[in-house]
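Everything on this sheet refers to the single structure shown next.
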Amino acid sequence: MMPTAPCFIGNSHVACIKDAVDHPQSLFKDKVTFFYSRSKSLEDTELNGRRLISASAQVISPPHIQIAQTEVDIDSHDLFAFFGLRLSMVSLCSRLYERCRLPGHPTDPQHSPISRSAMHAALEGLAADTLAIRLAKLVRQCTDKPIFVVPQPGPSETLRRVDLESLGPAVRERFERAKKSWVPIMNEEIGGVLYDIFVDALKSLGAKERLVFVDQPRETMTAGCCTKPEYQAHPKDLLHANRLYGLKVLQELEGCLRR
Amino acid sequence: MSPYERLPPRAFWRSGVAEQSLTGIADLYRKKFAITPAAKIAAAGSCFAQHISRHLRLHGYSVMDVEPPPPGLTSEMARRFGYTLYSARYGNIYVVRHLLQLLQEAYGHFEPGDWIWERQGRYFDALRPAVEPNGLDSPEEVKLHRKQHLARVRRLFDTAEVFVFTFGLTETWIHAPSGTVYPTAPGTVAGAFDSNLHLFKNFIFDEIYSDFMRVRQLLQSLRPDMRFILTVSPVPLTATASDQHVLSATLYSKSVLRAVAGQLEKEYADIDYFPSYELIASHFSRGRFFEANLRSVNEAGIQTAMDIFLREHGVESAALPGKDQNASDPLVMDADEEDDVVCEQRLLESFAR
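In order, the protein sequences belong to chains A and B.
Under the numbering used here, the first residue of the first sequence is numbered 357, with each subsequent residue one higher.
Under the numbering used here, the first residue of the second sequence is numbered 5, with each subsequent residue one higher.
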């Protein structure tokens with residue numbers, strides 16, 4: 357099924373998709389409606405009849421015209437894809453890893469051992485509570501059309517060695533916290549194992565909620581489940597991805613549609 | 005003059021039981037000691053004890069949980085993995101010998117035998133086989149989990165001030181060479197039954213009484229002020245291996261447990277007995293506190309029992325909304341939770357062109 361009117365919904369992680377969607381060979385060129393804002397702003401999103409509405413969302417309709425409306429009509433689109441919206445492997449796994457450890461991973465007395473199956477169930481629960489899945493379920497309530505969910509990319513590998521002092525004060529604190537909670541799992545030994553469980557958990561969740569999970573393209577990832585630096589948006593933006601990354605994700609999405 | 009002449013209504017079947025409404029029996033339970041909401045409570049026992057723990061938590065009592073679920077598990081999944089049911093993740097403890105062995109093991113006085121069971125390449129802790137429904141990857145992982153569990157059990161009983169325990173069964177299966185008591189028969193959840201190794205055991209009054217006395221002694225050696233509240237589970241046996249009819253086996257088992265609880269309560273000022281068993285399983289309830297299978301206790305039965313307990317302890321059952329620890333943990337803020345200026349800029353770069 358080739359979409360004629362897809363609707364892409366996301367927070368700042370949809371920006372790389374916007375950059376990539378106009379690629380001449382893209383299935384989505386000149387077709388996509390974007391419904392976007394910061395996650396915090398999209399928290400108020402609700403269904404009004406068969407329209408998805410948020411007081412603070414912004415909407416761009418093809419051919420990329422910003423429109424005044426803050427809503428999209430579900431029936432006018434034939435595919436929905438959710439990008440980012442707090443669905444993040446490192447974010448969810450690091451919450452668990454503050455308290456639990458899989459056997460064989462470095463531990464200290466405050467950590468409890470956790471089995472792979474409990475980890476899988478916990479990640480499924482955490483993912484279900486993200487804005488991405490909540491909004492996807494909202495849309496699913498009133499349509500049987502395909503719904504895809506694309507997690508936000510892992511942080512850039514650069515985060516492991518970034519000099520926090522080089523960052524501006526507006527983001528330094530955030531990166532300090534990110535580094536503290538994320539870096540312990542951003543390595544081959546731990547990140548790879550957690551990523552596999554994360555993917556399995558999202559696939560289970562997707563099967564239950566009739567959502568298709570689109571994996572981060574493997575070639576964009578390091579063995580430790582970071583995003584390779586060549587895909588980061590800017591030298592000092594370690595969380596967002598660039599157009600090149602967006603193209604890879606769209607290829608994955610197109611691959612799903614062709615299957 | 006008859007010695008019954010001046011007795012209160014509770015002493016007579018007609019006024020004490022037959023004429024009571026199904027919402028509860030007046031004066032059925034008189035507490036032996038007060039429990040404040042701040043008192044640290046440890047809870048364990050057969051499955052009926054789960055309801056007691058849950059209701060105490062809901063009404064503001066400090067039921068401890070030394071092995072809380074990881075964030076993200078739904079309350080249903082948490083229970084499936086043995087979290088939030090009791091004060092630690094020990095699963096159901098049906099017989100007092102099992103409780104005694106758990107405590108002895110935690111404090112280094114007992115080593116269980118044949119306690120790692122296998123099923124289709126997965127490995128289970130035979131002493132709490134249901135807490136990992138899919139088993140674990142290796143025997144080493146089972147050992148790691150048990151080591152941590154025992155450390156948490158020590159933390160629990162080093163701290164708890166009141167121990168609520170529900171007697172469940174007298175029947176069990178034992179690993180003969182080591183005397184290890186299993187909560188399920190080998191071969192049921194995992195493992196394999198071997199009639200040369202695994203023996204059926206139906207504990208008698210003296211054994212149960214003696215085991216509980218050793219439990220009390222051990223716990224009071226850690227905390228001399230430890231107090232106990234005992235109940236007997238009204239849930240019948242699923243099956244008996246005693247060669248009796250399952251109804252007779254159930255009544256026998258519950259009668260022995262009720263007798264032991266009564267004896268302990270009579271002898272010791274620090275042991276109280278709460279008669280939820282009588283309330284739910286006796287003539288009074290006319291079977292209405294059981295589900296259609298005549299085995300599972302329904303919510304009305306649990307609520308009626310807990311209302312009586314809470315009222316006697318000065319808590320109106322609807323008055324003190326406590327924290328339901330079965331509810332999912334609120335998610336902690338993390339580094340990705342806030343959308344900051346970087347995110348705003350990234351959106352502007354792509355969409356404001």
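C-beta: ideal position from N, C-alpha, C; glycine also.
Taking C-beta atoms under 8 Å as the contact rule, A/Arg451 and B/Pro75 qualify, at a distance of about 5 Å. Contacts between B/Ser354 and chain A, judged by CB atoms closer than 7 Å, involve Ala371, Lys374 and Asp375 in chain order. According to the DSSP secondary-structure assignment, B/His179 is paired through a beta bridge with B/Thr184 and B/His202. Contact annotation: B/Phe85 and B/Glu136 have beta-carbon atoms nearer than 8 Å. Between A/Cys372 and A/Tyr601 the beta-carbon gap is near 5 Å, inside 8 Å, which marks them as a contact.
Taking 8 Å as the cut-off between beta carbons, the residues of the stretch 126-140 of chain B near chain A are Glu136, Pro137, Asn138 and Leu140, in sequence order. Between B/Leu32 and B/Pro238, the C-beta spacing is not below 8 Å. Spatial neighbours of B/Val70 in its own chain (CB-CB distance under 6 Å, excluding positions within 5 residues in sequence) are listed in chain order as Ala92, Arg156, Arg159 and Leu160. Spatial neighbours of A/Thr360 in its own chain (CB-CB distance under 8 Å, excluding positions within 5 residues in sequence) are listed in chain order as Lys387 and Asp434. For A/Gly548, the enclosing alpha helix (DSSP H) begins and ends at Glu544 to Glu565.
If you draw a straight line from the Cα of B/Arg299 to the Cα of B/Ala263, it is about 21 Å long. Under the three-state reduction of DSSP, B/Ala196 is assigned to coil, being neither helix nor strand. Taking B/Val168 as reference, the option from B/Arg58, B/Arg10 and B/Ala304 with the minimal CA-CA separation is B/Arg58. For A/Gly611, the enclosing alpha helix (DSSP H) has its first and last residue at Arg599 to Arg614. With a beta-carbon spacing of about 21 Å, A/Ser412 and A/Ser432 fall beyond the 8 Å limit used to define contacts. Using a CB distance below 8 Å, the part of the stretch 583-596 of chain A facing chain B consists of Ala589, Asp593, Leu595 and His596, ordered along the chain. Shown here, B/Glu165 sits in coil according to DSSP, grouped into three states, outside any helix or strand. Rounded to whole angstroms, the gap between the alpha carbons of B/Lys147 and A/Ile503 is 43 Å. Judged by DSSP secondary structure, B/His102 falls within the alpha helix (DSSP H) whose first and last residues are Val100 to Ala110. With contacts defined as CB atoms closer than 8 Å, B/Leu241 and B/Thr254 qualify as a contacting pair.
Of B/Ser246, B/Glu303, B/Ala296 and B/Ala309, the smallest CA-CA separation from B/Tyr277 is found for B/Ala309. In the pairwise beta carbon analysis, the stretch 17-25 of chain B is classified as not touching the stretch 548-565 of chain A: fewer than three pairs are separated by under 8 Å. Using a Cβ-Cβ cut-off of 8 Å, B/Met68 does not count as an interface residue toward chain A, since no Cβ of chain A sits closer than that to its own. Per DSSP, reduced to three states, the secondary structure at A/Ser522 is helical.
Against chain B, the CB of A/Pro509 has no partner CB under 8 Å away; the residue lies outside that interface. Taking a beta-carbon distance threshold of 8 Å, B/Glu109 does not count as an interface residue toward chain A.
Residue environment for A/Asp593: buried (at least 16 other C-beta atoms within 10 angstroms of its C-beta).
Excluding residues up to 5 positions away in sequence, Val100, Arg101 and Leu104 lie with their Cβ nearer than 6 Å to the Cβ of B/Asp215 in the same chain.
By the neighbour-count criterion, in which a residue is buried when 16 or more other Cβ atoms sit within 10 angstroms of its Cβ, A/Met542 is buried. Against B/Glu122, chain A offers no close residue; the least beta-carbon distance is about 15 Å (beta-carbon pairs closer than 9 Å). Only buried fits A/Lys604, as 16 or more other CB atoms lie within 10 angstroms of its CB. Spanning the alpha carbons of A/Arg614 and A/Pro507 requires a straight line of approximately 20 Å. Counting along the chain, the unbroken beta strand (DSSP E) around A/Ile409 starts and ends at Arg407 to Ile409. Put simply, the CB of A/Tyr601 is far from chain B, with every gap to its CB atoms at 8 Å or more.
Apart from the 5 residues on each side of it in sequence, B/Phe209 sits with its Cβ closer than 7 Å to the Cβ of Val260, Ala263 and Val264 in its chain, given in chain order. Using a CB distance cut-off of 8 Å, B/Arg18 does not count as an interface residue toward chain A.
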